[in-house]
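Engineer: Provided herewith is a single structure, encoded as C-alpha cells, for subsequent inquiry.
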Amino acid sequence: DQTYRKEVNITQPYIQGETEDEVRRKYHLDKVVKLGSNENPYAPYYHSKNAMIHSISTLNRYPEDDFVNMKKLLADETGLKPENVALGSGAGNIIETISKMFINEGDEVLIAKQSYRLYREVSKLMGAKVIEIPLTADYQFDLDQFEQKITDKTKLIWICNPNNPTGTITDASKLEAFMDHVPENVWVIVDEAYAQFADHLSLANFIRYIGHKRVMVVRTFSKFYGLAGARLGYVLSDPEAIQAYDTVTEPFNTNRTAIAGAAAAMQFDKAEIDKTLKKILGDREGLVESLGLLGFTVAPSQANFVFAKLPEGAPDATTVVDELMKQGVIIRDCTPWGYPHHIRVTVGTHKELEFFLSKLTAVLAN
Ligand code: PMP
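The opening residue of the sequence shown carries number 5 in the UniProt record's numbering; numbering runs sequentially from there.
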C-alpha cells in the first residue's frame with residue numbers, strides 16, 4: 005500500500021473494468037461486447053451529435069455562456085431556478101467536489117456498504133471516518149441502521165437511488181420517513197445517476213426537499229442521454245450550497261462540446277430518447293426473463309443494468325466473468341462488493357444481449 009495525502013491508504017484504484025481493446029487483444033477476438041459499465045448502447049442522438057460537431061469550432065472560448073444556458077435548461081426541466089444548479093465533468097467529478105466542499109478531517113460519513121465505490125474513496129481521501137452500513141436482504145438502504153449511526157460528528161450521508169450495483173431503489177415512503185429524522189446540520193447527497201430508468205411513481209422525489217432540507221441531488225448525462233464519453237453531470241441544491249460548490253470546483257469544470265450535446269439532446273432529441281428508453285426497458289425485461297430461465301435470481305431492476313445471483317451449483321462470479329471475457333463478453337463481477345455469486349450486466353442492444361446469453365449458456369453448461 006502507498007500512503008498519499010492526509011495519510012489515506014489507497015489499497016485499490018477505482019475499478020474501471022477491462023476495455024474492449026484490451027480484451028480483443030488479450031484473447032485474439034474479433035468481436036467484443038461490453039456490458040460492464042452501464043453505458044447507453046445507442047447514443048449519441050442525431051441533434052446531440054450535430055451540436056457536438058458544431059461546437060468544436062468554438063473551443064477557443066471558455067464555456068461561460070454555455071454554463072448559463074445549460075443551468076437554465078436544467079432549472080426549467082426540474083422546476084428550480086438556475087441558482088439551484090451547478091455543473092461538473094460527470095457525476096463522478098461532482099461527487100469528488102462535494103467531498104472537498106464538506107468534509108473535514110474526522111467528520112463522519114455514512115454510506116451503504118454495497119454501493120458506488122467512489123463515495124468511500126473520496127470521503128476517505130478528505131479525512132472522513134467512513135461508516136459502512138450493509139444493504140438489507142432485499143437490497144434496500146437499511147435506513148434504521150443509518151439513523152442509528154448518526155452522531156454529532158456526522159457530516160454527510162450518501163444515498164444512491166437506484167443503487168449501483170444492485171439496480172434497486174429504496175422504498176420512497178421509507179426514504180421520506182428517514183428524511184424527517186435526519187438532523188438539520190447533516191447533508192444528504194442523493195446520487196440519481198440512473199433515475200431516468202426507474203419507475204417515476206416509485207422513485208422518491210428528493211428535489212422537493214431543496215430549500216427545506218440539506219439535500220443535494222446529483223445526476224448525469226452519461227447514462228440516459230448516452231454521453232458518457234463527453235463528461236457532463238449536474239447537481240441540484242439550495243443557492244448557498246451551489247455557490248459553495250462553484251467556489252470549490254475549478255472554474256470551467258466541463259466543456260463546450262459536452263454541454264452542446266446535452267442541450268441539443270434535451271431540446272431536440274426528446275422523441276428519439278423516449279423511443280430508446282422504451283427499447284432499453286423492453287430489453288431489460290427480456291434479460292431478466294432469460295436470466296430467470298437460466299436459473300438466476302434477479303433483483304428487481306430500476307436501472308439500465310441487472311444484478312443477478314448465479315444458479316445453485318454454478319461456478320462463482322469471478323470464474324463466470326473471466327470465462328465470458330475469454331468469449332468476448334465484458335460484464336461486472338460483484339465479488340468486490342461482497343457478492344461472490346452475483347454478476348451485473350448492462351442492458352445493451354438486443355443483439356448484444358443475445359450474444360451474451362448464448363455465451364453465458366455455454367459457460368454454465370461446462
Ligand atoms: N454514480 C453512479 C451510481 C454511477 O454508477 C456512476 C458511473 N458508473 C457515476 C455516478 C459516475 O458517472 P459519470 O461520472 O459518468 O457521470
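Cβ atoms here follow ideal geometry from the backbone N, Cα and C, with glycine treated the same way. As the structure is a computational prediction, the values presented were derived from the model and not from experiment.
By the three-class DSSP mapping on this structure, what secondary structure does residue 4 have?
Structural biologist: The question about residue 4 has no answer here: the residues shown for the chain are numbered 5 through 370.
Engineer: With which residues is Ala116 paired in a DSSP beta bridge?
Structural biologist: Within the sequence shown, residue 116 is the residue found at index 112, counting from 1. Per DSSP, Ile137.
Engineer: Curious, which full-length beta strand (DSSP E) runs of at least 3 residues does the stretch 217–305 contain?
Structural biologist: DSSP runs (the beta strand (DSSP E)) wholly in the stretch 217–305: 219–224 and 237–240.
Engineer: Out of curiosity, what's the CA-to-CA distance linking Val190 and Glu81?
Structural biologist: Here residue 190 refers to the residue found at position 186 of the sequence shown. Here residue 81 refers to the residue found at position 77 of the sequence shown. Approximately 27 Å between the Cα atoms of the pair.
Engineer: Val333 and Asp287: beta carbons closer than 8 Å?
Structural biologist: Here residue 333 refers to the residue found at position 329 of the sequence shown. Here residue 287 refers to the residue found at position 283 of the sequence shown. Not closer than 8 Å, so no.
Engineer: Can you tell me where the alpha helix (DSSP H) holding Thr365 begins and where it ends?
Structural biologist: The count along the sequence shown starts at 1 and reaches residue 365 at position 361. Note, Thr365: alpha helix (DSSP H), His354 to Ala369.
Engineer: If you draw a straight line from the C-alpha of Glu358 to the C-alpha of Leu295, how long is it?
Structural biologist: Taking the first residue of the sequence shown as position 1, residue 358 is located at position 354. Taking the first residue of the sequence shown as position 1, residue 295 is located at position 291. So the two alpha carbons sit approximately 11 Å from each other.
Engineer: Using the Cα positions of Leu39 and Tyr123, report the straight-line distance between them to the nearest angstrom.
Structural biologist: Within the sequence shown, the letter at position 35 stands for residue 39. Within the sequence shown, the letter at position 119 stands for residue 123. So the two alpha carbons sit approximately 23 Å from each other.
Engineer: Which class does Glu121 belong to by DSSP, given the choice of helix, strand or coil?
Structural biologist: By one-based count along the sequence shown, residue 121 stands at place 117. One point to set straight first is that residue 121 is Arg, not Glu, in the sequence displayed. Correct three-state label for Arg121: coil.
Engineer: Cutting at 6 Å between CB atoms, please list the residues of its own chain near Val222, excluding the five before and the five after it.
Structural biologist: The residue you call residue 222 lines up with position 218 of the sequence shown. Within the same chain, Val222 has close Cβ partners Ala95, Ile98, Asp195 and Val239.
Engineer: Nearest to Pro48 by CA position, among Arg29, Trp162, Ser226 and Leu114, is which residue?
Structural biologist: Locating residue 48 in the sequence shown gives position 44, counting from the first residue. The residue with the shortest Cα to Cα distance from Pro48 is Ser226.
Engineer: Shorter than 7 Å, the distance from the beta carbon of Ala234 to the closest heavy atom of the ligand HEM, or not?
Structural biologist: For the structure depicted, the ligand HEM is absent and the ligand set comprises only the ligand PMP.
Engineer: Applying the 10 Å Cβ sphere with the 16-neighbour rule, what's the burial state of Asn42?
Structural biologist: For this step, residue 42 is matched to residue 38 along the sequence shown. It is buried - the Cβ of Asn42 has at least 16 other Cβ atoms within 10 Å.
Engineer: Whole angstroms is fine: what's the gap from Asn167's alpha carbon to Pro243's?
Structural biologist: Counted from its first residue, the sequence shown places residue 167 at position 163. Counted from its first residue, the sequence shown places residue 243 at position 239. Those two C-alpha atoms are separated by around 27 Å.
Engineer: How long is the line joining the alpha carbons of Gly131 and Thr155, rounded to whole angstroms?
Structural biologist: For the purposes of this step, residue 131 is taken as residue 127 along the sequence shown, with counting starting at 1. For the purposes of this step, residue 155 is taken as residue 151 along the sequence shown, with counting starting at 1. Cα to Cα, Gly131 sits roughly 17 Å from Thr155.
Engineer: Does any CB atom of chain B fall closer than 8 Å to the CB of Val252?
Structural biologist: Here there is only one protein chain, and chain B is not present.
Engineer: When the Cα atoms are used, what is the spatial distance from Met220 to Pro67?
Structural biologist: Position 216 of the sequence shown, counting from 1, holds the residue named residue 220. Position 63 of the sequence shown, counting from 1, holds the residue named residue 67. So the two alpha carbons sit approximately 24 Å from each other.
Engineer: Measure from the alpha carbon of Leu147 to the alpha carbon of each residue in Val126, Lys128, Ile115 and Val252, then state which is nearest.
Structural biologist: Counting from 1 along the sequence shown, the entry for residue 147 is found at position 143. Of the candidates Val126, Lys128, Ile115 and Val252, the one whose C-alpha sits nearest the C-alpha of Leu147 is Ile115.
Engineer: Report the option in Ser59, Thr301, Thr365 and Leu129 whose CA atom is closest to the CA atom of residue 4.
Structural biologist: The question about residue 4 has no answer here: the residues shown for the chain are numbered 5 through 370.
Engineer: Can you give me the C-alpha to C-alpha distance between Lys75 and Ala248, rounded to a whole angstrom?
Structural biologist: Taking the first residue of the sequence shown as position 1, residue 75 is located at position 71. Taking the first residue of the sequence shown as position 1, residue 248 is located at position 244. One C-alpha to the other measures close to 16 Å.
Engineer: Given a cut-off of 8 Å, decide if Thr301 and Ala312 are closer than it, judged by their beta-carbon atoms.
Structural biologist: The residue labelled residue 312 in the question sits at position 308 within the sequence shown. The residue labelled residue 301 in the question sits at position 297 within the sequence shown. Closer than 8 Å, so yes.
Engineer: Less than 6 Å between C-beta atoms, sequence neighbours within five positions excluded: which residues of the same chain meet that for Lys355?
Structural biologist: Mapped onto the sequence shown, residue 355 falls at position 351. Excluding positions up to five away in sequence, the list is empty.
Engineer: For a test of the three-state rule: what should DSSP assign to Val37, helix, strand or coil?
Structural biologist: Taking the sequence shown and counting its residues from 1, one reaches residue 37 at position 33. Strand, per DSSP.
Engineer: Less than 7 Å separating the Cβ of Met224 from some heavy atom of the ligand PMP?
Structural biologist: In the sequence shown, residue 224 corresponds to position 220, counting from 1. As written in the sequence, residue 224 is Thr, which differs from the Met given in the question. It does: the Cβ of Thr224 is within 7 Å (strictly closer) of some heavy atom of the ligand PMP.
Engineer: Round the Cβ separation of Tyr143 and Ala366 to the nearest angstrom and send it over; I've been treating them as touching at under 8 Å.
Structural biologist: Sequence index remark: in the sequence shown, residue 143 carries index 139 (1-based). Sequence index remark: in the sequence shown, residue 366 carries index 362 (1-based). Contact doesn't hold; Cβ gap of about 29 Å is too wide.
Engineer: Have a look at Leu328, Lys279 and Leu77 and flag the residue whose alpha-carbon is nearest the alpha-carbon of Gly265.
Structural biologist: Reading the sequence shown from its first residue, position 261 is the one you call residue 265. Out of Leu328, Lys279 and Leu77, Leu77 has the C-alpha closest to the C-alpha of Gly265.
Engineer: Following a CB-centred definition, is Asp164 positioned closer than 7 Å to any heavy atom of the ligand PMP?
Structural biologist: The residue labelled residue 164 in the question sits at position 160 within the sequence shown. This sequence places Cys at residue 164; Asp is not what is there. Cys164: yes, Cβ under 7 Å from the ligand PMP.
Engineer: In chain order, which continuous runs of the alpha helix (DSSP H) of length 4 or greater are located wholly inside the stretch 166–192?
Structural biologist: You should have 176–185.
Engineer: Which residues in the same chain as Ala267 place their Cβ atom closer than 8 Å to its Cβ, once the five residues preceding and following it in sequence are excluded?
Structural biologist: Here residue 267 refers to the residue found at position 263 of the sequence shown. The answer, listed in chain order, is Ala55, Asp70, Asn73, Met74 and Leu77.
Engineer: Pull up the CB-CB distance for Ala269 and Tyr198, whole angstroms please, since I reckon it's below 8 Å.
Structural biologist: Mapped onto the sequence shown, residue 269 falls at position 265. Mapped onto the sequence shown, residue 198 falls at position 194. About 17 Å; that fails the 8 Å criterion.
Engineer: Is the beta carbon of Thr253 closer than 8 Å to that of Gly237?
Structural biologist: Mapped onto the sequence shown, residue 237 falls at position 233. Mapped onto the sequence shown, residue 253 falls at position 249. Contact flag unset, no.
Engineer: Which residue or residues does DSSP assign as beta-bridge partners of Lys313?
Structural biologist: Within the sequence shown, residue 313 is the residue found at index 309, counting from 1. Note: Lys313 sits in a beta bridge opposite Thr301 and His346.
Engineer: Report all residues from its chain with a CB closer than 6 Å to the CB of Pro86; omit the five preceding and five following residues, and keep chain order.
Structural biologist: Taking the sequence shown and counting its residues from 1, one reaches residue 86 at position 82. So the list reads Lys75, Lys76 and Ala79, once near-sequence residues are dropped.
Engineer: Taking the straight line between their C-alpha atoms, what separation do you get for Asp5 and Val126?
Structural biologist: Translated into the one-based positions of the sequence shown, residue 5 becomes position 1. Translated into the one-based positions of the sequence shown, residue 126 becomes position 122. In this prediction, Asp5 has a pLDDT of 43, which is less than 50 and means its spatial position is unreliable; nothing more can be read from the coordinates.
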